[in-house]
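Going line by line, the protein sequences match chains H and W. Using our numbering, count along the first sequence one by one with no gaps and you end on 486. Using our numbering, count along the second sequence one by one with no gaps and you end on 365. Backbone N, C-alpha and C fix where the C-beta goes; we use that ideal spot for every residue, glycine too. Report on one structure; see the data block that follows.
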Amino acid sequence: MSRSIGTGDARKTKAWLVCLVLAGISFVVIVLGLNTGTIRIPPLRVLDTLFGGGSGRDQMVLFEYRLPRIVVTVLAGAGLGAAGAVMQGLSRNALADPGVLGLHAGAALGLVMFVSFFRDLEGSSALLIPLFTFTGGIVAAVLIVLLSYNRSRGIVPVRLILSGIGVASGLSAITLYWSLRLDEDTYAFTARWLAGSVWGRDWVHAAALLPWIIIVLPYVLSQTRSLNNLSLGDETAAGIGTNVKRQRLLLLGAAVALSSASVSMAGGIGFIGLIAPHLARRLVGPMYQHLLPVACFVGVVILVVSDTIGRSLFQPNAIPAGVVVAVVGAPYFLFLLSRTK
Amino acid sequence: MRLKGRTDEHAVSSEGTASDASSLTRPMLRAGRIRQILLFIASAVLLALSMFAAISLGAKDLTLSTVWAAVFHYDRSLMTHQIIHELRLPRVLGAAVIGAALAVAGSLIQGITRNPLGDTGVLGINAGAMFVVAVSFAFFPNLPYGTLIVLSFLGALMSTLLVFGLGASAPGGLTPMRLTVSGAVTAALLGSMTSGIAIYFDLSQDLAFWYAGGVAGIKWSQLEILAPILLIVIVWSMGLARSISLISMGDEVALNLGINLKRIRLLGLLTVVVLAGLSVSAAGAISFVGLVIPHIARKLIGVDYRQIVPLSALLGAVLLVLADLGARMANPPEELAIGIMVSFIGVPFFLFLARKERRDL
């Protein structure tokens with residue numbers, strides 16, 4: 146609608162600018178992330194190595210260890226940011242987030258199932274991990290939608306959040322039950338995963354995550370018009386000509402795919418899906434064609450920074466990125482909650 | 005519409021608020037009174053039976069007469085008596101006291117906030133206690149149990165202040181919905197920080213049972229501190245129950261009857277914090293006991309908290325004793341975490357209640 150009111154162009158220009166700036170910031174934090182670790186490589190040498198130069202040692206550290214991890218972090222950050230934005234639009238609830246709504250608990254269950262069946266996290270079976278977490282996420286989503294559905298009112302927002310909390314607790318109990326039956330190493334891995342530790346650090350992990358993001362993210366970006374319409378309310382959306390039920394189902398599936406695939410490699414990280422869209426909305430306004438790409442970039446920045454902080458600040462041990470995100474994100478969420486009517 | 009919303013605010017599970025309200029002021033019908041007395045007797049018998057079952061069943065099954073003898077005529081030279089006296093008895097008594105404490109805490113919270121989904125786990129109170137316990141494990145690993153209790157209580161107090169302060173400072177005030185969400189997020193934050201500490205200091209093993217909850221490790225020395233305080237506080241909450249019944253019917257009703265709302269709310273919350281903090285210090289974070297039991301009690305006995313609180317105490321004790329027994333028996337010789345056992349019972353119930361939630365954000 147704003148496109149017809151004149152300010153649309155100004156908004157568009159601003160959105161482009163914001164995207165450019167955020168892309169610049171993302172680039173900087175990525176280079177900083179590549180530079181940080183037990184073996185430090187100066188930023189300029191990082192760039193040099195990336196474009197073919199550098200010593201053999203630099204190349205090995207960068208291409209074999211740092212780069213795949215950063216790729217996973219970037220993809221997961223973008224996926225989580227976009228998933229949160231889509232969920233908030235669908236539920237017309239500014240507090241919606243894949244983690245709060247219990248999708249991550251479903252993904253966690255999927256991961257524990259995978260671990261107990263395959264046990265091999267490095268080989269080609271790693272490609273299947275996102276499929277397992279996606280299945281878990283879908284199960285959680287179906288449960289939550291069924292529980293919050295009302296024949297006359299559709300999905301009732303308050304029930305969505307309450308059943309999300311309940312489903313999350315139930316699935317976590319099952320996950321805990323399963324993970325306690327695993328051997329010690331696998332249990333330790335699961336515990337770290339649950340806390341939101343970016344564990345995908347091989348190229349195969351990046352490869353497992355990549356198709357989910359490069360297929361689903363463009364689809365979501367192409368649906369910004371539907372998201373705009375849906376966020377106006379069901380009746381208005383139907384009036385404009387949106388097939389509300391079908392679009393909501395498709396977009397919900399896409400959001401589950403994005404978040405489940407992301408957490409499969411980056412661990413059960415909450416709050417990015419909540420914060421990123423909020424910041425994006427403050428920066429570029431509520432139109433999804435602007436909001437969605439900005440939310441992706443914000444997600445990337447948050448996750449790369451959190452992972453780098455968690456890795457470097459607490460050496461020799463590492464703090465999972467999810468803990469860093471929660472320590473920053475939860476107070477922000479509570480702040481928002483105390484401000485919203 | 006608004007008025008109706010007020011009266012049925014907490015009575016999601018009980019129909020006919022008007023008649024319930026009058027049952028507080030009008031003399032009880034004789035039949036109702038007898039039914040109540042029978043309910044209490046039945047619950048007490050159930051508790052006694054489940055405690056006896058929990059003492060006699062286990063890795064070594066013991067006969068009823070041995071259990072009886074071990075409890076009432078303890079003979080130190082007998083192995084079976086020692087098993088019962090040193091291992092089973094503190095465990096079962098601990099489960100009973102903690103179950104009662106959690107259930108009473110839940111019923112008080114539900115009454116004070118008029119929120120049928122209130123629970124010390126859901127509202128992040130347990131997570132606060134957990135967090136402080138984790139911190140003290142990391143930095144002061146050899147604290148005596150008494151100090152740990154105090155710290156755990158302070159942690160519960162901290163998160164309670166946070167959740168209720170945030171909820172109350174928002175425009176529109178402390179709605180049940182906002183309380184639930186800010187509680188869940190606070191629980192997530194503190195839980196995340198707890199696991200961060202556990203991972204960083206390599207405490208996962210030590211903290212595992214705090215996470216999942218368990219009464220296996222309770223010793224007589226702990227029970228001697230814990231049980232008297234909890235029992236006194238439970239009795240004290242029965243004294244609060246009359247005022248809480250009135251609060252649960254709405255602010256106007258309570259004000260008209262001359263209740264000091266702020267004072268009762270504060271006292272009630274403090275009571276909840278003591279109950280939750282002590283329980284967590286002994287058994288870890290056990291969610292859903294405080295959610296499920298008061299609902300069952302309310303279904304059985306009506307909306308008067310003078311009856312809900314004591315019945316919750318009895319039934320909470322039964323649930324935790326049985327859950328602990330189930331956790332021991334499910335897959336011997338391994339023990340299942342008691343929190344999982346309780347969740348498997350509690351979560352479907354929570355979802356059923358959330359399904360009936362009619363209010364909006």
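Quick one, which residues of the region 149-183 of chain W are near chain H if we go by CB-CB under 7 angstroms, in chain order? Leu170, Ser173, Ala174, Pro175, Gly176, Met181, Arg182
Counting C-beta neighbours from all protein chains within 10 Å, is the total for Val233 of chain H 16 or more, i.e. buried, or is it exposed? Taking the first residue of the first sequence as position 1, residue 233 of chain H is located at position 88. Correcting the residue type first, residue 233 of chain H is Gln in the shown sequence and not Val. By the neighbour-count rule (16 or more Cβ atoms within 10 Å), Gln233 of chain H is buried.
First and last residue of the alpha helix (DSSP H) that includes Gln501 of chain H? For residue 501 of chain H there is no data in the structure shown, the boundaries of chain H being 146 and 486.
Applying a beta-carbon distance threshold of less than 8 angstroms, which residues of chain W neighbour Ser270 of chain H? For the purposes of this step, residue 270 of chain H is identified with residue 125 of the first sequence, where counting begins at 1. Within chain W, no residue comes near Ser270 of chain H; the closest Cβ sits about 26 angstroms away, beyond 8 angstroms.
Considering only the alpha carbon of each residue, which of W:Gly177, W:Ile45, W:Glu338 lies closest to Thr117 of chain W? On the second sequence, position 113 is the one that residue 117 of chain W refers to. Nearest C-alpha to Thr117 of chain W: W:Gly177.
Please confirm whether Val468 of chain H has its beta-carbon closer than 9 angstroms to some beta-carbon of chain W. Along the first sequence, one-based indexing puts residue 468 of chain H at 323. Closer than 9 angstroms: yes.
When you compare each of H:Trp323, H:Val217, H:Val166 to Leu355 of chain H by their alpha carbons, which one comes out closest? If you number the first sequence from 1, residue 355 of chain H lands on position 210. The option with the nearest alpha carbon to Leu355 of chain H is H:Val217.
With DSSP run on the structure shown, which of helix, strand or coil describes Asn260 of chain W? Position 256 of the second sequence holds residue 260 of chain W. Asn260 of chain W: helix per DSSP, three-state reduction.
If you follow the alpha helix (DSSP H) that Thr179 of chain W is in, where does it begin and where does it stop? Translated into positions along the second sequence, residue 179 of chain W becomes position 175. Looking at the DSSP string, Thr179 of chain W is not in any alpha helix (DSSP H), and its letter there is neither H nor E.
Say whether the region 287-301 of chain W touches the region 310-321 of chain W, bearing in mind that this needs 3 or more beta-carbon pairs closer than 8 angstroms, one atom from each stretch. yes
With Met197 of chain W and Val472 of chain H assumed to form a contact (beta carbons below 8 angstroms), what rounded beta-carbon distance in angstroms separates them? Within the second sequence, numbered from 1, the residue matching residue 197 of chain W stands at position 193. Within the first sequence, numbered from 1, the residue matching residue 472 of chain H stands at position 327. With a Cβ gap of about 6 angstroms, Met197 of chain W and Val472 of chain H count as contacting.
Examine chain W for any beta-carbon lying closer than 9 angstroms to the beta-carbon of Tyr322 of chain H, and answer yes or no. Sequence index remark: in the first sequence, residue 322 of chain H carries index 177 (1-based). Yes - at least one Cβ of chain W is within 9 angstroms of the one on Tyr322 of chain H.
Buried or exposed: Asp206 of chain W, going by 16 or more other Cβ atoms within 10 Å of its Cβ? As a position in the second sequence, residue 206 of chain W is number 202, starting the count at 1. Classification of Asp206 of chain W: exposed, given that the 10 Å Cβ count is below 16.
Under 9 angstroms, Cβ to Cβ, is there at least one residue of chain W near Asn462 of chain H? Residue 462 of chain H sits at position 317 when you count from the first residue of the first sequence. Yes - at least one Cβ of chain W is within 9 angstroms of the one on Asn462 of chain H.
Can you give me the Cβ contacts of Lys157 of chain H inside the same chain, cut-off strictly under 8 angstroms, excluding the 5 residues immediately before and after it? Looking up residue 157 of chain H in the first sequence gives position 12. Closer than 8 angstroms at the Cβ level, and outside the excluded window around Lys157 of chain H, lie His435.
Please list, in chain order, the chain H residues whose beta carbon lies closer than 9 angstroms to that of Gly218 of chain W. Walking along the second sequence from the start, residue 218 of chain W turns up at place 214. The premise fails here: Gly218 of chain W is roughly 12 angstroms from chain H at the closest Cβ pair, so nothing lies under 9 angstroms.
Who are the neighbours of Met333 of chain W on chain H, taking C-beta pairs under 9 angstroms? Here residue 333 of chain W refers to the residue found at position 329 of the second sequence. Simply none; closest approach about 15 angstroms.
Local Cβ density within 10 Å of Ala52 of chain W, reported as buried at 16 or more and exposed below that: The residue you call residue 52 of chain W lines up with position 48 of the second sequence. Exposed, since its Cβ has fewer than 16 Cβ neighbours within 10 Å.
Per-residue DSSP class, three states only, for Tyr78 of chain W: On the second sequence, position 74 is the one that residue 78 of chain W refers to. Three-state result, Tyr78 of chain W: coil.
Hey, how far is the Cα of Leu183 of chain W from the Cα of Gly171 of chain W? Locating residue 183 of chain W in the second sequence gives position 179, where the first residue counts as 1. Locating residue 171 of chain W in the second sequence gives position 167, where the first residue counts as 1. C-alpha separation (whole angstroms): 6 angstroms.
Are the C-beta of Ile344 of chain W and some C-beta of chain H separated by less than 9 angstroms? Position 340 of the second sequence, counted from the first residue, corresponds to residue 344 of chain W. By this cut-off, Ile344 of chain W is an interface position.
Interface partners of Val472 of chain H on chain W, CB under 9 angstroms: For this step, residue 472 of chain H is matched to residue 327 along the first sequence. By Cβ distance, chain W contributes Leu193, Ser196, Met197, Gly200.
Do Gly247 of chain H and Gly311 of chain H have their C-beta atoms closer together than 9 angstroms? Walking along the first sequence from the start, residue 247 of chain H turns up at place 102. Walking along the first sequence from the start, residue 311 of chain H turns up at place 166. Their beta carbons are under 9 angstroms apart, which means Gly247 of chain H touches Gly311 of chain H by this criterion.
Partner residues on chain W for Phe478 of chain H, Cβ-Cβ distance less than 8 angstroms: Within the first sequence, the letter at position 333 stands for residue 478 of chain H. Result: Val189.
Using C-beta distances below 8 angstroms, list every residue in its chain close to Thr387 of chain H, excluding the 5 sequence neighbours before and after it, in chain order. Working through the first sequence from its first residue, we reach residue 387 of chain H at position 242. Once the five neighbours on either side are set aside, the close Cβ partners of Thr387 of chain H are Ser371, Asn374, Leu375.
Can you tell me whether Asn130 of chain W is helix, strand or coil according to DSSP? By one-based count along the second sequence, residue 130 of chain W stands at place 126. It is helical.
Proximity winner among H:Leu220, H:Trp161, H:Gly178, H:Ser236, relative to Gly378 of chain H (alpha-carbon distances): Within the first sequence, residue 378 of chain H is the residue found at index 233, counting from 1. Out of H:Leu220, H:Trp161, H:Gly178, H:Ser236, H:Ser236 has the C-alpha closest to the C-alpha of Gly378 of chain H.
Cβ-based burial, Ala334 of chain W [other Cβ within 10 Å; buried from 16]: Translated into the one-based positions of the second sequence, residue 334 of chain W becomes position 330. Classification of Ala334 of chain W: exposed, given that the 10 Å Cβ count is below 16.
Is the shortest distance between the beta-carbon of Val284 of chain W and the beta-carbons of chain H less than 9 angstroms? Translated into positions along the second sequence, residue 284 of chain W becomes position 280. Answer no: the Cβ-Cβ gap between Val284 of chain W and chain H never drops below 9 angstroms.
Run through DSSP, which three-state label would Asn109 of chain H get? The structure shown does not extend to residue 109 of chain H, since chain H spans only 146 to 486, so no value can be given for it.
Which chain H residues are close to Tyr204 of chain W, counting only those with a beta carbon under 7 angstroms from its beta carbon? Taking the first residue of the second sequence as 1, we reach residue 204 of chain W at position 200. Within chain H, the residues near Tyr204 of chain W are Phe459, Asn462, Ile464.
Closer than 9 angstroms, CB to CB, is Leu121 of chain W near chain H or not? Counted from its first residue, the second sequence places residue 121 of chain W at position 117. Yes, Leu121 of chain W counts as interfacial toward chain H.
How should Asn130 of chain W be labelled, buried or exposed, when 16 other C-beta atoms within 10 angstroms of its C-beta is the threshold for buried? Mapped onto the second sequence, residue 130 of chain W falls at position 126. Label assigned to Asn130 of chain W: buried.
Quick one: complete beta strand (DSSP E) runs, 3+ long, within the region 112-160 of chain W? none
Rounded to whole angstroms, what's the CA-CA distance from Pro145 of chain W to Leu428 of chain H? Just pull it up for me. Within the second sequence, numbered from 1, the residue matching residue 145 of chain W stands at position 141. Within the first sequence, numbered from 1, the residue matching residue 428 of chain H stands at position 283. Pro145 of chain W and Leu428 of chain H: Cα-Cα distance of roughly 47 angstroms.
Do Gly115 of chain W and Gly294 of chain W come within 9 angstroms of each other at the CB atom, strictly closer than that value? In the second sequence, counting from the first residue as 1, residue 294 of chain W sits at position 290. In the second sequence, counting from the first residue as 1, residue 115 of chain W sits at position 111. No, they are not a contact pair.
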